[in-house]
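For any residue, its number in the working numbering is found by taking its place in the sequence shown, counting from 1, and adding 357.
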Amino acid sequence: AIDGRCASGKSTAAALLAELFPAGIIHMDDFFLPGELRTPERLAEAGGNLHRERFITEVLPHLRGKKPFRHRVFDCSVFDYAKKPRKIKPQKLLICEGSYALHPDFGRYFDIAIFSDISPEEQLRRIRERDGEEMLTIFRDRWIPMEERYFNEMDVRSRCDCVLS
Numbered sequence: 358a359i360d361g362r363c364a365s366g367k368s369t370a371a372a373l374l375a376e377l378f379p380a381g382i383i384h385m386d387d388f389f390l391p392g393e394l395r396t397p398e399r400l401a402e403a404g405g406n407l408h409r410e411r412f413i414t415e416v417l418p419h420l421r422g423k424k425p426f427r428h429r430v431f432d433c434s435v436f437d438y439a440k441k442p443r444k445i446k447p448q449k450l451l452i453c454e455g456s457y458a459l460h461p462d463f464g465r466y467f468d469i470a471i472f473s474d475i476s477p478e479e480q481l482r483r484i485r486e487r488d489g490e491e492m493l494t495i496f497r498d499r500w501i502p503m504e505e506r507y508f509n510e511m512d513v514r515s516r517c518d519c520v521l522s
């Protein structure tokens, strides 16, 4: 599992690993919390903006299985589920990548835990380049503070086997 700060290279690292080894990738972005569950109480929780319950039911039971499985994909561009679920084929290596991938609610489902780090300045530069000025403001004011609260309250970095920076 690869957890870490937004724009730190988690998706890129997972894609590179998948090129080197036969690997499937599960993106935590697919488990963004839908609108009907976004209560103030839920968003006040560390990692509260991830639909953890859906990851637990749609992914965790299948990770060590030999059969393909599907999970629903939350599409942030339309703020709803995509029409087609994502199919995950059984592989010797499955990579779960994204912020909140190491949430304690999931238990130790992974063989190795990686934390992807980045300086605050480089993080903001990459977000601006990737998403534009308007989204940078949203990330800076909302998503980054939520991530930082999760990293601190759940002590994510110290529970990892290695840190990429």
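Every residue gets a Cβ at the ideal spot worked out from N, C-alpha and C, and that includes glycine.
Residue range of the beta strand (DSSP E) that Glu454 falls in?
Where Glu454 is concerned, the enclosing beta strand (DSSP E) stretches over Leu450 to Glu454.
Beta strand (DSSP E) containing Arg399: first to last residue?
From DSSP, Arg399 is part of no beta strand (DSSP E) but of the alpha helix (DSSP H) over Pro397 to Ala401.
Below 8 Å between beta carbons: does that hold for Ala364 and Gln480?
yes
When you compare only the Cα positions, how much space is there between Ile484 and Phe496?
Straight-line Cα distance between these residues: approximately 8 Å.
If the criterion is Cβ atoms closer than 8 Å, does the pair Lys446 and Pro425 meet it?
Contact flag set, yes.
Out of curiosity, what's the CA-to-CA distance linking Gly405 and Pro379?
32 Å
Would you give the residue range spanned by the beta strand (DSSP E) that Arg427 belongs to?
Counting along the chain, Arg427 sits inside the beta strand (DSSP E) bounded by residues Phe426 to His428.
Between the segment 371-391 and the segment 446-465, are three or more C-beta pairs nearer than 8 Å?
Touching, yes, given that three or more Cβ pairs across the two stretches are closer than 8 Å.
When burial is assigned at 16 or more other CB atoms within 10 Å of the CB, is Met367 buried or exposed?
In the sequence on display, residue 367 carries Lys and not Met. Buried is the call here.
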